[in-house]
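**Q** As given, the protein sequences belong to chains A and B, one line each in that order. In this text, residue positions in the first sequence follow my numbering: the first is 101, and each later residue adds one. In this text, residue positions in the second sequence follow my numbering: the first is 1065, and each later residue adds one. All C-beta atoms, glycine included, are put in the ideal place defined by N, C-alpha and C. Would you mind keeping the following structure in view while I ask a few things?
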Amino acid sequence: MIDDFYRLDPYSLAAAEKNELLLAELTELTGLHAQRCGYYYNFLKSVGYDKTNVNSVEDIPFFPVRMFKEYELMSIDRKDVFKTMVSSGTTGQSVSKIFVDKETAMMQQKTMIKILSNYWGSKRLPMLVIDTPDVIKDRAKFSARGAAIIGLNIVSRDTVYALNDDMSLNMDKLRDFMEKYSGQRFIIFGFTFMVWQHFYHELKKSDTKLDMSEAFLMTGGGWKTLEAQAISREEFKNRFTELCGIRHFLDHYGMVEQTGCIYAECECGHLHASIYSDVIIRSYKDFSPCGIGEKGIIQVVSVLPHSYPGHSLLTEDEGIILGQDDCPCGRKGKYIQILGRIKSAEIRGCSDTYADKFK
Amino acid sequence: MQINSNNMDFLVGDCGTIEKMQETPALRMFSDKAVGFLAALSTAIIRDKRSHEYADITSYAYWIRKASLENVKQKHTDKNERIGRGVAFHIAPSNVPVNFAVSMTSSLLAGNCTLIRVSDKKFPQVDIICDAINELLNGEHSCMKPYLCILRYSHSAEITQQLSSICDIRIIWGGDRTISEIRKASLPPRAIEMTFADRHSLAIINSDEYMNCDADKTAKDFYTDTYYTDQNACSSPRLVVWTGGSVNEAKQRFWSALGKLVKEQYDMKPIQAIDKYTSFCALGMKYGNIKLISDDNYVMRAEVSGLSADLMNYKNSGGYFFEYTASDISEIAPVLTKQCQTISVLGIDKDDIKKLVFDNGVRGVDRIVPLGQTMGLEFIWDGYKMIEAMTRFVYTGSY
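Have a look at this one:
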């Protein structure tokens, strides 16, 4: 039961205990989705799933994350869909569609609160969003950016959107916000490249001195764009400390397919799995689990997805488990490094149309 | 018509060559000029040390050597009634480097002025062959200069329309999407078109006969048919059908020999493992009655319990196979759709397959070849007798 999880501190379980708790919940979810989602039932049958052979979390079948782009997958009646979340694909790409009912939505929020309060306390904090208010306007369709913000709204108060619709920094709003909260604890949230492009650069140009020394800068969406500009994570942090005194950084890894279960960055710069989810790194050669320090394909499991069969997913990202139960920050569980999206292959052959393969 | 050469990058010939092509006399089929040029090209390519690094170039050079061309010429018994259609405009694919030369060969032997757009993607093979061509055109074979022009241009509807407007035959490689893109450019009233669409292929193996074959040699043959082109050529088998009475032993022997070879030689990329697994899951989700068989991700097999026309919608490349055991060969009929190109066989009489095709009047199946020979260079492709299809037949009362 999910309530068993809520009673615990989100980073309190060491490997053996965590596996036991997760395994029970994930096995139940596998059964639940098999019962309610015909597609998923067929999938399990095809990969030869047999409950009696499952001894650890690693034995739960992994479902390719791309399936949510190709099929509308849900384990609820369509009338019970409370919201549909979509991934933020670039133009022309197909997007994932995730169907969430009230129950799953509630679990996502609760879990998010549990995880984040572990970092900045249980008090709801004011939040400065480095995005435009536009991003959450269409509530019928949440983008990943929008979804993350909506999720955070639950743990925050007095949300201010710092960007205008044309992505320029709204200095008036920023000044108002800072007048109220200068030197206090608050959240700054945005996607890494937007924070850098539209916040850091603009703020620097404006020559405004702000005290954000107690703020938590929470980022997401990966580092690819910044790496392309040769800005390392270290440099990103140093420059922000220099510019406005930010000391608390909280990057995170997460995906719309497992909203709620984020992998948040600790004081040591490691992304941590909470008790609600876990990461298994798999070798591309045979999908066998990799050991600590070995690079491979990321599989994520989460106990939250009840309305759609997304509790065990093979992603298209690569990563490494840096360690388990022994991070100096004191948090138990695995801590990971994300290496980014797996490169698409240049393959030979007669046809020019590989991109259409899954149409 | 004047040609606007902006944004055209010429590898062989120039804008003037194209303009003059409209007036250049067509050649007869298998003209001495064309045969002589191609035979010399074969020698010139082999002379270039760079060629030896590329198996596709050397097999192309071998294919157009003088003896081979003479042999093909003899087979075309009505060659004296045939002449080139005029200007042939070829759009070569972006993934098979030597394909442009293969298309060019038929076109020149047919007697056409040959105008080829090669892909933007740069391949050393293209440079090597074009260097050899230029050497010949600027030397002993300058008489062929008016007949050949090879160029690159970034996707441009205008240029494609310009070149289409002066052609008498258009040849489009590169698959369905390229075809529909190029077809937006209209053709002159008399012009005809040959298209090479997306296709797929299968292999049929008689298990009893296979047990008498050398396992390693068969594995190598099958590897050449599949992994050598990332299993992504039109002719690469996606489905393996087993017949006969030793299916279990044969499967075991066949796939383990192949698996060994693949692990040694194939550089599988992580995304391919995901792609293959995703394809399998998509098929499994639809049917539920399939089984994943794989020791690792290098060779992934989806065992199916029946064959249906939509099976190939779930195909993938890089070592992903559907597998089916047939008690009678006629069970394959549902997959012989329009998209089905090559059937490669081992221990199966080709005529039995041909009979199946003709008796059922199926829309697919253009080639039936022995396992290991799907990649062979041929003058007959996708149901076309290539050289003949690029000519006109001049009727004088007999044929």
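Between A:V147 and chain B, is there a C-beta pair that is closer than 8 angstroms?
**A** At least one chain B Cβ lies under 8 angstroms of A:V147.
**Q** Using a Cβ-Cβ cut-off of 8 angstroms, state whether B:L1400 counts as contacting chain A.
**A** Answer no: the Cβ-Cβ gap between B:L1400 and chain A never drops below 8 angstroms.
**Q** Need the endpoints of the beta strand (DSSP E) that B:A1390 sits in, please.
**A** Looking at the DSSP string, B:A1390 is not in any beta strand (DSSP E), and its letter there is neither H nor E.
**Q** Nearest-angstrom Cα distance between A:F340 and A:S217?
**A** Going from the Cα of A:F340 to the Cα of A:S217 covers about 23 angstroms.
**Q** Which of helix, strand or coil does DSSP assign to A:H411?
**A** Looking at A:H411 - three-state DSSP - the assignment turns out to be coil, as it is neither helix nor strand.
**Q** With 16 other CB atoms within 10 Å as the buried threshold, where does A:V255 fall?
**A** Flag for A:V255 reads buried.
**Q** Going straight from the alpha carbon of B:S1271 to that of B:Y1388, what length do you get?
**A** Using only the alpha carbons, I get a separation of about 12 angstroms.
**Q** Within the continuous alpha helix (DSSP H) that includes B:G1080, where are the two ends?
**A** Unbroken alpha helix (DSSP H) run through B:G1080: 1079-1085.
**Q** From A:C366, A:G433, A:K304, A:L439, pick the residue whose C-alpha is nearest to that of A:N119; which is it?
**A** When only C-alpha atoms are compared, the closest one is A:G433.
**Q** Helix, strand or coil for A:T292? Go by DSSP, reduced to three states.
**A** Three-state DSSP puts A:T292 in a helix.
**Q** Is B:Y1341 close to chain A, meaning its C-beta is less than 8 angstroms from at least one C-beta of that chain?
**A** With 8 angstroms as the cut-off, B:Y1341 counts as an interface residue toward chain A.
**Q** Can you tell me whether DSSP reads A:W323 as helix, strand or coil?
**A** If DSSP states are grouped into helix, strand and coil, A:W323 belongs with coil.
**Q** Can you confirm whether B:A1464, when its beta carbon is compared against all beta carbons of chain A, has any partner nearer than 8 angstroms?
**A** Not covered by the structure: residue 1464 of chain B. The range shown for chain B is 1065 to 1463.
**Q** Would the region 162-169 of chain A and the region 1364-1377 of chain B be scored as touching if the rule is three or more Cβ pairs under 8 angstroms?
**A** They do not touch, by the three-pair rule.
**Q** Drop a sphere of 10 angstroms on the beta-carbon of A:D426, count the other beta-carbons inside from all chains shown, and report buried for 16 or more, exposed for fewer.
**A** It counts as exposed.
**Q** Quick one: Cα of B:G1175 to Cα of B:A1098, how far?
**A** Each residue's Cα considered, the two are about 7 angstroms apart.
**Q** Please classify A:C344: is it buried, with 16 or more other beta-carbons within 10 angstroms of its beta-carbon, or exposed?
**A** A:C344 comes out buried.
**Q** Taking C-beta to C-beta, are A:L439 and A:F162 nearer than 8 angstroms?
**A** It is not a contact, given that the beta carbons lie outside the stated cut-off.
**Q** Which first and last residues belong to the beta strand (DSSP E) in which B:I1256 is found?
**A** Where B:I1256 is concerned, the enclosing beta strand (DSSP E) stretches over 1256-1259.
**Q** Express the C-alpha separation of A:T130 and B:Y1072 in angstroms, rounding to a whole number.
**A** First, the residue type needs correcting, since residue 1072 of chain B is Met and not Tyr in the sequence shown. Using only the alpha carbons, I get a separation of about 58 angstroms.
**Q** Among the residues of its own chain, which have a CB less than 7 angstroms from the CB of B:I1243, if the five just before and after it don't count?
**A** Here the set comprises I1236, T1259, A1261.
**Q** I believe A:Y149 touches B:A1337 by the beta-carbon criterion, under 8 angstroms. Please report the beta-carbon distance rounded to the nearest angstrom.
**A** Not a contact, Cβ separation roughly 20 angstroms.
**Q** So for A:E418, helix, strand or coil by DSSP?
**A** Note: A:E418 maps to strand in three-state DSSP.
**Q** Is B:R1317 helix, strand or coil by DSSP?
**A** It is helical.
**Q** Are the beta-carbon atoms of A:T232 and A:N253 separated by less than 8 angstroms?
**A** Contact flag unset, no.
**Q** At what residues does the alpha helix (DSSP H) containing A:R136 begin and finish?
**A** First-last of the alpha helix (DSSP H) with A:R136: 115-136.
**Q** Would you check if the distance between the CB atom of B:R1302 and the CB atom of B:F1385 is smaller than 8 angstroms?
**A** Against a cut-off of 8 angstroms, the Cβ pair of B:F1385 and B:R1302 comes out as a contact.
**Q** If I follow the unbroken alpha helix (DSSP H) through B:F1286, where does it start and stop?
**A** Unbroken alpha helix (DSSP H) run through B:F1286: 1279-1289.
**Q** May I ask which residues mark the beginning and end of the beta strand (DSSP E) holding A:Y363?
**A** From DSSP, the beta strand (DSSP E) with A:Y363 extends over 363-365.
**Q** Would you mind telling me which residues of chain B sit closer than 7 angstroms to A:E203, beta carbon to beta carbon, in chain order?
**A** Residues of chain B passing the Cβ test: none, with the nearest at roughly 24 angstroms.
**Q** My output table needs one value for A:F387: the three-state DSSP class, helix, strand or coil.
**A** In the structure shown, A:F387 sits in coil (DSSP, three-state: anything other than H, G, I, E or B).
**Q** Judging by CA-CA distance, which residue of B:I1128, B:S1115, B:T1141 is the nearest neighbour of B:M1093?
**A** For B:M1093, the nearest C-alpha among the options comes from B:T1141.
**Q** Distance, Cα to Cα, B:L1322 vs A:E302?
**A** Straight-line Cα distance between these residues: approximately 59 angstroms.
**Q** Taking contact to mean at least 3 C-beta pairs separated by less than 8 angstroms, is the region 1077-1095 of chain B in contact with the region 358-366 of chain A?
**A** In short, these stretches do not touch, since the Cβ pair count stays below three.
**Q** Under three-state DSSP, which class holds B:Q1225?
**A** The answer is helix: DSSP assigns B:Q1225 an H, G or I state.
**Q** Below 8 angstroms, how does it come out for the region 1360-1370 of chain B and the region 1404-1416 of chain B: are there three or more Cβ pairs, yes or no?
**A** The region 1360-1370 of chain B is not in contact with the region 1404-1416 of chain B.
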